[in-house]
Every structure is written in structure tokens, then in C-alpha cells.
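Encoded as C-alpha cells, the structure appears first; notes follow it.
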Amino acid sequence: ISEKAEKSEIPDIDKKKYLVPADLTMGQFVYVIRKRIKLAPDAAIFIFVNDTLPPASALMSQIYKEHKDQDGFLYVTYSG
Numbered sequence: 001i002s003e004k005a006e007k008s009e010i011p012d013i014d015k016k017k018y019l020v021p022a023d024l025t026m027g028q029f030v031y032v033i034r035k036r037i038k039l040a041p042d043a044a045i046f047i048f049v050n051d052t053l054p055p056a057s058a059l060m061s062q063i064y065k066e067h068k069d070q071d072g073f074l075y076v077t078y079s080g
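Using full-length UniProt numbering, the first residue of the sequence shown is number 1, and each one after it goes up by one.
If you want it as C-alpha cells, here you go:
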């Protein structure tokens with residue numbers, strides 16, 4: 001589940017829930033988010049999981065195992 005950081009000036013996203021393959025990297029997920037919010041190529045975006053910035057090479061399956069919520073969802077916050 002992707003949520004925008006409170007004080008971020010980046011555009012809102014049109015879709016908040018994503019079902020992604022386990023072998024998707026965080027870098028690839030950032031690309032998906034960039035496309036959904038139609039972010040300019042020169043604009044920065046940061047994806048946080050539990051207030052930490054995971055490495056772009058980290059697999060979503062590993063991030064999910066380490067940071068999933070009690071409800072079974074992985075919550076990420078984006079900012080720019």
C-alpha cells in the first residue's frame with residue numbers, strides 16, 4: 001500500500017494498492033510509482049519503508065518479510 005508523505009509536494013497517486021511479483025526490486029517498484037504519478041524525469045522521488053530507505057536492489061519479497069504489517073500488507077511512503 002503506497003501513501004504520500006504528509007509534507008511532500010509530489011503529486012498524489014491514483015492507485016494505492018499494488019500486487020507486485022516477489023522478484024521485483026525496489027528500484028523497479030520506484031519506476032512503477034513514478035509512472036503512476038507521471039513524475040517528471042528530473043524530479044526526485046524517495047520510497048520509505050518504516051521510515052527507512054531500502055536499497056534499490058532489494059527484492060520486494062525480502063522487504064515484505066522484514067517489514068510487513070500485522071494486517072499482512074506492506075506499507076510504503078513516497079516523497080519528493
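Every residue, glycine too, gets a C-beta built ideally from N, C-alpha and C.
In the displayed model, residue 32 falls within a helix according to three-state DSSP.
Below 8 Å, too few C-beta pairs join the stretch 59-75 and the stretch 34-41 to call them touching: fewer than three. Excluding sequence positions up to five before and after residue 30, its CB lies within less than 8 Å of the CB of 45, 47 and 56, all in the same chain and listed in chain order.
By the criterion of a C-beta distance shorter than 7 Å, residue 14 is surrounded in its chain by 36, once the five residues flanking it on both sides are discounted. Annotation for residue 77: 3, 5 and 48 place their beta carbon closer than 6 Å to its own, counting only its chain and skipping 5 residues before and after.
Contact between residue 25 and residue 59 holds: CB atoms are separated by about 6 Å, below the 8 Å threshold.
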